[in-house]
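Below is one structure, written out as structure tokens; the observations come after it.
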Amino acid sequence: CGGSSGGSAAAVAAGLFSASLGTDTGGSIRQPAAFCGVCGLKPTYGRVSRWGLVSYASSLDVAGVFAHSVQDVAVVLQTIAGHDTRDSTCLPHEVPDYSIAIEQLQDLRNIRIGVLREQIESPGLDDSIRKELREAIDSCRKLGAKMVDVQMPHSNYCIATYYIIAPCEASSNLARYDGVHYGYRSKGPEASTLDRMMQLSRSEGFGPEVQRRILLGTYALSAGYYDAYYLQALRVRRLIRQDYDEAFKQVDVLLGPTTPQPAFKLGEKINDPIQLYLQDLFTVGANLAGVPAISIPIAKSPDGLPIGMQLQAPPLEEAKLLGVAAAYHRLVEYQPTIPSSFQASLS
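With our numbering applied, the sequence shown closes on residue 374, and no number is skipped along the way.
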């Protein structure tokens, strides 16, 4: 379903719940939302407490929301946002009333929308998604928004930067777990000592992709490579943040694709890790910069698969982000696809 929180997105899309929670480290809320045809919000880093979550990449992890409508996302965010003394990264800023903010923005007049043209014209983007995004841009312009092409000079380095920082932090965070207390324990004859049992439990219990990321992070943090990889990635991350700061001096929100293509076919598997990592091409920037981002459904592909559009806003500007997303849906008269069984339960 597009990411580690895919089950939460699928549950909302199937009508099992009106909303659900997920975590987003590099796109794991927004990509499943795009694949499943629901709304998925990654808030500002620190807007929602991470207390109780198992840390993967501590400087990137964010808890967020799935729902059928932007209005429902706002209601849930209102509940979960706010300062929590148990999470040192949680921001002490006041939480606005997001539902009221949505109602106050009735149209897109005077809203400056930055078009990430380089992403939309990327050769790796599916043609059906490109077509729908171009139509969405035209709709925003007709609805009164000021459309501005925005350049992000260091966007080509986002994937490489993310896949150094995230594995490094994961290597450190996951080192504290032996895995034995979480459902798997090696019981073979080789597990004769406590140390050997824990070693085998971690080796056998982790899948190949998890092992790959932990080993990559451990390698990048090792003596002789720390400066060349990890510190260099932190420097590039600073430049990416500066790109966002400069962009938001020109516009209120950024518009671009959420995923390179619609949902994968049932049972389809990508064995090439590089190709797999490139699925995060359009989403990791928001995590590296710590800005809020939302994926909203805008159309369906010729095969009937949902297509998502990503909007991003300055830090702590979730109210503006949700307002623009809700106004767009309302003005283009977008109707979410809600399963009949769920509609019956609502009535």
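By construction, the Cβ of each residue, glycine as well, lies at the ideal position given by its N, Cα and C atoms.
Contact test: residue i Cβ vs the ligand SAH heavy atom, cutoff 7 Å
i: residue 228; result: Questions concerning the ligand SAH fall outside what the structure shown contains, since it holds no ligand whatsoever.
Expected contact under 8 Å - CB spacing of residue i and residue j to nearest Å
i: residue 52; j: residue 87; result: 5 Å
i: residue 141; j: residue 280; result: 7 Å
i: residue 181; j: residue 321; result: Actually they do not touch by this definition, with Cβ atoms about 23 Å apart.
i: residue 63; j: residue 95; result: Not really, about 10 Å apart at Cβ, beyond 8 Å.
i: residue 133; j: residue 354; result: 7 Å
i: residue 349; j: residue 60; result: Actually they are not in contact, since the Cβ atoms of residue 349 and residue 60 sit about 14 Å apart, beyond 8 Å.
i: residue 307; j: residue 189; result: 7 Å
i: residue 55; j: residue 73; result: Not quite, the Cβ-Cβ distance comes to about 18 Å (not below 8 Å), so this is no contact.
i: residue 144; j: residue 337; result: At roughly 14 Å, the Cβ-Cβ gap does not stay under 8 Å, so residue 144 and residue 337 are not in contact.
i: residue 85; j: residue 217; result: Not confirmed; about 33 Å, so no contact.
Own chain partners of residue i with C-beta closer than 8 Å, once the 5 adjacent residues on each side are dropped
i: residue 107; result: 48, 75, 76, 90 and 92
i: residue 305; result: 151, 186 and 287
i: residue 205; result: 225, 228 and 229
i: residue 215; result: 227
i: residue 118; result: 71, 73, 74, 110 and 343
i: residue 80; result: 50, 88 and 90
Best match in the options for proximity to residue i [C-alpha to C-alpha]
i: residue 315; options: 175, 191 and 236; result: 191
i: residue 309; options: 362, 260, 227 and 283; result: 283
i: residue 226; options: 236, 207, 237 and 234; result: 207
i: residue 157; options: 362, 356, 335 and 204; result: 335
i: residue 203; options: 362, 83 and 357; result: 83
i: residue 179; options: 54, 274, 361 and 154; result: 274
i: residue 152; options: 287, 224, 257 and 211; result: 287
i: residue 131; options: 155, 361 and 357; result: 357
i: residue 170; options: 135, 145, 177 and 201; result: 135
i: residue 276; options: 162, 289 and 340; result: 340
i: residue 239; options: 337, 290 and 301; result: 301
i: residue 166; options: 70, 214, 348 and 352; result: 352
i: residue 328; options: 155, 234 and 265; result: 155
i: residue 148; options: 259, 177 and 213; result: 177
i: residue 236; options: 183, 292, 250 and 297; result: 297
i: residue 269; options: 342, 213 and 364; result: 342
i: residue 211; options: 222, 195 and 232; result: 232
i: residue 120; options: 164, 364 and 344; result: 344
i: residue 137; options: 337, 278, 294 and 338; result: 278
i: residue 109; options: 70, 263 and 146; result: 70
i: residue 175; options: 259, 139, 361 and 223; result: 139
Start-to-end residues for the beta strand (DSSP E) that takes in residue i
i: residue 326; result: 320 to 327
i: residue 225; result: Unbroken run through residue 225 is the alpha helix (DSSP H), 221 to 232; no beta strand (DSSP E).
i: residue 58; result: No beta strand (DSSP E) holds residue 58; the alpha helix (DSSP H) holding it covers 57 to 63.
i: residue 127; result: No beta strand (DSSP E) contains residue 127, which is instead part of the alpha helix (DSSP H) from 125 to 131.
i: residue 67; result: 66 to 69
i: residue 46; result: 46 to 51
i: residue 281; result: 280 to 284
i: residue 174; result: 173 to 176
7 Å CB neighbourhood of residue i in its chain, flanking five on each side removed
i: residue 271; result: 316 and 318
i: residue 198; result: 241, 244, 245 and 248
i: residue 346; result: 123, 125 and 128
i: residue 38; result: 44 and 47
i: residue 159; result: 325, 326 and 334
i: residue 332; result: 289 and 290
i: residue 375; result: Residue 375 lies beyond the stretch modelled for the chain, which goes from 28 to 374, so this question has no answer here.
Host alpha helix (DSSP H) of residue i (start-end)
i: residue 76; result: That residue, residue 76, is in no alpha helix (DSSP H); it is neither H nor E in DSSP.
i: residue 269; result: 259 to 274
i: residue 248; result: 235 to 248
i: residue 103; result: 97 to 107
i: residue 146; result: 144 to 147
i: residue 34; result: 33 to 40
i: residue 90; result: Unbroken run through residue 90 is the beta strand (DSSP E), 89 to 94; no alpha helix (DSSP H).
i: residue 164; result: 154 to 169
i: residue 311; result: 311 to 316
i: residue 350; result: 345 to 358
i: residue 334; result: Unbroken run through residue 334 is the beta strand (DSSP E), 333 to 339; no alpha helix (DSSP H).
i: residue 199; result: 185 to 201
i: residue 304; result: 300 to 304
Sequence-distant residues of its chain with Cβ nearer than 6 Å to residue i (five each side left out)
i: residue 312; result: 185
i: residue 114; result: 76, 77 and 78
i: residue 256; result: 191 and 247
i: residue 104; result: 92 and 125
i: residue 183; result: none
i: residue 68; result: 91, 92, 100 and 321
i: residue 163; result: 325 and 336
i: residue 35; result: 47, 49 and 93
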